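In this text, residue positions in the sequence shown follow this note's numbering: the first is 7, and each later residue adds one.
We put the CB at the ideal spot given by N, CA and C, even for glycine.
Owing to the predicted nature of the structure, the values given are computational and were not obtained by experimental measurement.
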Amino acid sequence: MSTPVLLDGDRLRARLVDDGPYAALEVVTVTGSTNTDLVAAAGRGAPDRTVLIAEEQQAGRGRMQRQWASPRGHGLFVSVLLRPEVPQAAIAWLPLIAGIALAETVDRTTGVPAALKWPNDLLLGDGAQWLKGAGILAEAVAEPAGVAIVVGMGVNVFQRREDLPRGAGGLPATSLAAQGAEVDREAFAVALLTAFAEVDECWRAASGDVVGSGLLDRYRRLCSTLGRQVRVELGPDEQLRGVAADIDATGRLVVRTADGQQTAVSAGDVVHLRPA
């Protein structure tokens, strides 16, 4: 891997805090996990829309405590602390909202076709073979006055495909550069965080109503899981197979089994199956 140009925290703060929608932003060279750091900061009273970016994570993780490869300067590893005043039932939508912002930003700024794999993966490619390019992890922080949420996004920017581990469900991993995109990481970070703030504001203004705000339809359009034969890993010895029929208003994946029964699942590892 070539030596990357590191992000300039002062320039990012000028664009995203001084002239932008965020309350605070810090860029660190190395940390264990940006999510872990912001969870701790939430306990110390860090404000709504605090951003932490790390050039390298030594204990980055995804869902199910999976490790995430994050070599210095080759990806965008960012977490945002949010304190939204929305109904508790709406909170489950935050990682899906982050997915909307991420997929739309990639498509708009790089030209690389992007889609979402429910519930938390960004896919890159041409549709014939989607590859995993990013993961999203949301963590709740219980507080006396409510709940704070930390949303983390780990985007592969410059990594070579052969240097990346396989994603959940056996998906090969890729990066924006491996898909042919020429990316300015600073510009991409600004575009992504701006898009995330806009989607978050739309969601908050609607009091978490993803139907009335149009966010459910936006997610459905981006979700490559819909219409596919899937296997949902619900636990060590529990699976659900069928067609991914819908995403409901609470963010659950609705699976229609061979007997026509529909089951909504709120969490699980989804494997996209090849057509018979």
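message = Excluding the 5 residues flanking LEU18 on each side, which residues of the same chain have their C-beta closer than 8 Å to its C-beta?
response = By one-based count along the sequence shown, residue 18 stands at place 12. Setting aside the 5 residues that flank it on each side, LEU18 is surrounded in the same chain by LEU31, VAL33, ILE59, GLU192, ALA195, VAL196, each with a C-beta closer than 8 Å to its C-beta; the list follows chain order.
inquiry  = Report the CB separation of ILE155 from ALA104 in whole angstroms; it is logged as a contact under 8 Å.
reply    = The count along the sequence shown starts at 1 and reaches residue 155 at position 149. The count along the sequence shown starts at 1 and reaches residue 104 at position 98. No, ILE155 and ALA104 are not in contact; Cβ-Cβ is about 10 Å, not under 8 Å.
task = Along the beta strand (DSSP E) that carries LEU100, what are the first and last residues, could you check?
result = If you number the sequence shown from 1, residue 100 lands on position 94. That residue, LEU100, is in no beta strand (DSSP E); its alpha helix (DSSP H) goes 100–116.
ask   = Which residues share a DSSP beta bridge with GLY248?
value = Mapped onto the sequence shown, residue 248 falls at position 242. DSSP lists VAL236 as partners of GLY248.
ask   = Nearest CA to the CA of GLU145: which residue from ASP14, ALA46, VAL277, GLY274?
value = Along the sequence shown, one-based indexing puts residue 145 at 139. It is ALA46.
ask   = Ordered along the chain, which non-local residues of its own chain (more than five positions away) have a Cβ less than 6 Å from that of ALA65?
value = For the purposes of this step, residue 65 is taken as the residue at position 59 of the sequence shown. Closer than 6 Å at the Cβ level, and outside the excluded window around ALA65, lie GLY38, SER39.
message = If distances are taken between C-alpha atoms only, which option among LYS138, GLY79, ASP254, VAL84 comes closest to GLY55?
response = On the sequence shown, position 49 is the one that residue 55 refers to. In the sequence under discussion, the amino acid at residue 55 is Arg, which differs from the Gly named in the question. Nearest of LYS138, GLY79, ASP254, VAL84 to ARG55, Cα basis: VAL84.
request  = Measure from the alpha carbon of ALA98 to the alpha carbon of each residue in SER272, VAL276, PRO281, then state which is nearest.
outcome  = Translated into positions along the sequence shown, residue 98 becomes position 92. If we check each option's Cα against that of ALA98, SER272 comes out closest.
ask   = To which residues does DSSP link GLY160 through a beta bridge?
value = Taking the first residue of the sequence shown as 1, we reach residue 160 at position 154. Its beta-bridge partners are PHE83, GLY141.
message = How far does the alpha helix (DSSP H) with GLU192 in it extend, from its first residue to its last?
response = Here residue 192 refers to the residue found at position 186 of the sequence shown. Element bounds for GLU192: 191–211.
request  = Report buried or exposed for VAL11, applying the criterion of at least 16 other Cβ atoms within 10 angstroms of its Cβ.
outcome  = Working through the sequence shown from its first residue, we reach residue 11 at position 5. By the 10 Å Cβ count, VAL11 comes out exposed.
ask   = From the DSSP output, which residues share a beta bridge with ARG262?
value = By 1-based counting over the sequence shown, the position of residue 262 is 256. DSSP, once it has assigned bridges, lists VAL249, GLN268 as partnering ARG262.
ask   = For VAL217, is the classification buried or exposed, using 16 other Cβ atoms within 10 angstroms of its Cβ as the cut-off for buried?
value = Counted from its first residue, the sequence shown places residue 217 at position 211. Its Cβ having fewer than 16 others within 10 Å, VAL217 is exposed.
inquiry  = Let me make sure I understand the geometry here. Which of ALA187, VAL157, GLY160, PRO178 has the alpha-carbon closest to that of ARG167?
reply    = As a working mapping, residue 167 is identified with position 161 in the sequence shown. ARG167 has its Cα closest to that of PRO178, out of ALA187, VAL157, GLY160, PRO178.
key: Own chain residues within Cβ distance below 6 Å of GLN268, not counting five before or after   = Your numbering for residue 268 matches position 262 in the sequence shown. Residues VAL260, ARG262 of the same chain have their beta carbon placed closer than 6 Å to that of GLN268, with the five preceding and five following residues left out of the count.
query = So with Cβ pairs under 8 Å, would you call ALA140 a contact of chain E?
reply = Among the protein chains of the structure shown there is no chain E, as only one such chain exists.
inquiry  = Using the three-state DSSP reduction, which class does GLY241 fall into: helix, strand or coil?
reply    = Translated into positions along the sequence shown, residue 241 becomes position 235. In the structure shown, GLY241 sits in a strand (DSSP, three-state: E or B).
ask   = Can you name, in chain order, every residue of its own chain whose Cβ lies under 7 Å from the Cβ of ASP190, other than the five neighbours on each side?
value = The count along the sequence shown starts at 1 and reaches residue 190 at position 184. Result list for ASP190: empty, nothing under 7 Å.
ask   = Quick one: is SER213 buried, meaning 16 or more other Cβ sit within 10 Å of its Cβ, or exposed?
value = Reading the sequence shown from its first residue, position 207 is the one you call residue 213. Answer is exposed; the Cβ neighbour count stays below 16.
ask   = Using DSSP with H/G/I as helix, E/B as strand and the rest coil, what is ALA20?
value = As a working mapping, residue 20 is identified with position 14 in the sequence shown. In the structure shown, the three-state DSSP call for ALA20 is helix.
request  = Can you give me the start and stop residues for the beta strand (DSSP E) that ASP127 sits inside?
outcome  = Working through the sequence shown from its first residue, we reach residue 127 at position 121. Note, ASP127: beta strand (DSSP E), 127–130.
ask   = Going by Cα to Cα distance, which pick from GLY248, LEU82, GLY257 is closest to ASP265?
value = Counted from its first residue, the sequence shown places residue 265 at position 259. That would be GLY248, whose Cα lies nearest to the Cα of ASP265.
request  = Using only alpha-carbon positions, find the residue among VAL23, LYS138, TRP209, GLN245 that is nearest to GLY274.
outcome  = Here residue 274 is taken as the residue at index 268 of the sequence shown, counted from 1. GLY274 has its Cα closest to that of GLN245, out of VAL23, LYS138, TRP209, GLN245.
ask   = Going straight from the alpha carbon of ARG234 to that of LEU279, what length do you get?
value = As a first step, residue 234 must be located in the sequence shown, where it is residue number 228. As a first step, residue 279 must be located in the sequence shown, where it is residue number 273. About 7 Å.
message = So, at 7 Å on beta carbons, what are the nonlocal neighbours of ARG226 in its own chain, with the 5 sequence-adjacent residues on each side left out?
response = The residue you call residue 226 lines up with position 220 of the sequence shown. Closer than 7 Å at the Cβ level, and outside the excluded window around ARG226, lie LEU232, ILE253.
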